[in-house]
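For what it's worth, the UniProt record's numbering labels the leading residue of the sequence shown as 1, then goes sequentially.
Cβ coordinates follow ideal geometry from the N, Cα and C atoms, glycine included.
See below for the structure under consideration.
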Amino acid sequence: MMLILIMVLIAISGLLALGLALWHQEKQRQWHIQRYLETSQESGLEKLSKLVVRVGQEKREELEQQFIEAGFYDTRFARFYVPAKIGLALVIILLIVISDMTLSNKVMIGAVAMVMTLIVPDSILAMRKKMLVKKTSRQLPYMLDMMSVCVQTGMTVEAALAYLAEELKAFDKDLCFHIKKTADTSRITGLEKALLELSERIPTPEVRSFSLTLIQNIQYGTSIANVLADLAEDMRQMQVLAMEESIGKLAAKMSVPLILFIMFPIVVLILAPGFMQLSIG
């Protein structure tokens, strides 16, 4: 009798254990299903939203950088750049569609308008960036002279950059912006990295020489005042040589319009009376 009771208890315990195992397995299966559904919903909606936001943020940062490189330092208008281009393109397309022109003229004018609307603004920004880089490089020797004077008075390089960042506002706002950004960056990441970023923002030999000279001063502790003055003088000589080279190339460039617009008309004026007399005679 005792043996039968023990066997019944063992059987009941086994059934309870089996029931608990099945219940735990079902709960685990439901948890996995719920997690899969949540993951699927996130990948379908939230991940798409996050991707759009991230791409938009990256595009906006890229546009802001393009505006800064082109000399437009108020980046609040960068967010309206792409919508303005798209809106202008849509308005032009609408005006072309409702016009009374022929289909071929609509297609031709629409294609030209789309190119002008979508490509020309970017080309203008790129052109302004190129002009700004050249202008900033031309003004750099004057900044080096002022920096040399600041260093001779006892200022450190960091203090001289911070001082010039304020004093250059009336001289050149573009050069002032880059020097101020370099001074602010040097307080956070160090002067060497700030100078390397400056040479990347303005990729010209003059700025690269200036950055490498200051980096050499940081690494080896050499005297910097006389070096800056000599570097400014070398930059001025290079600018004079570049101008002389441009003047030397001007004669070769003028030969083509000289031949087309002066020599050919002279030949026509010389030969025309003879041909006219022959034709009359």
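In this structure Ile-179 touches Leu-164 by the C-beta definition: roughly 5 Å separates them, less than 8 Å. Pairing Val-149 with Leu-191 gives a Cβ-Cβ distance that is not under 8 Å.
In this structure, Met-147 lies near Ala-160, with their beta-carbon atoms less than 8 Å apart. Taken through DSSP and simplified to helix, strand or coil, Ser-255 comes out as helix. Taken in chain order, the unbroken stretches of alpha helix (DSSP H) that lie wholly in the region 59 to 118 and span 4 residues or more are 81 to 98 and 103 to 118. Note that the region 206 to 216 does not touch the region 100 to 118; fewer than 3 beta-carbon pairs, one per stretch, sit closer than 8 Å. Looking at the backbone, the Cα of Ile-124 and that of Gln-66 are separated by about 11 Å.
Collapsing the DSSP output to three states places Met-143 in a helix. Contact check for Thr-213 and Ala-194: beta-carbon distance about 14 Å, past the 8 Å limit, so the pair fails to qualify. Here Asp-174 has Gly-71, Leu-132, Lys-135 and Thr-136 as same chain residues with Cβ atoms under 7 Å from its own Cβ, once five neighbours each way along the sequence are excluded. Residues of the same chain with a CB within less than 8 Å of the CB of Glu-167, apart from the 5 flanking positions on each side, are Met-146 in chain order. Shown here, Pro-205 sits in a helix according to DSSP, grouped into three states. Taken atom to atom, the span from the alpha-carbon of Pro-141 to that of Glu-69 is near 21 Å.
Put simply, the backbone Cα of Asp-230 is about 45 Å away from that of Ile-259. Taking 8 Å as the cut-off, the Cβ atoms of Ala-225 and Val-151 count as close.
Rounded to whole angstroms, the separation of the alpha carbons of Lys-249 and Phe-264 is 23 Å. Annotation: the continuous alpha helix (DSSP H) that includes Met-276 extends over 264 to 280. Between Lys-85 and Pro-121, the beta carbon gap of about 6 Å places them in contact (Cβ cut-off 8 Å).
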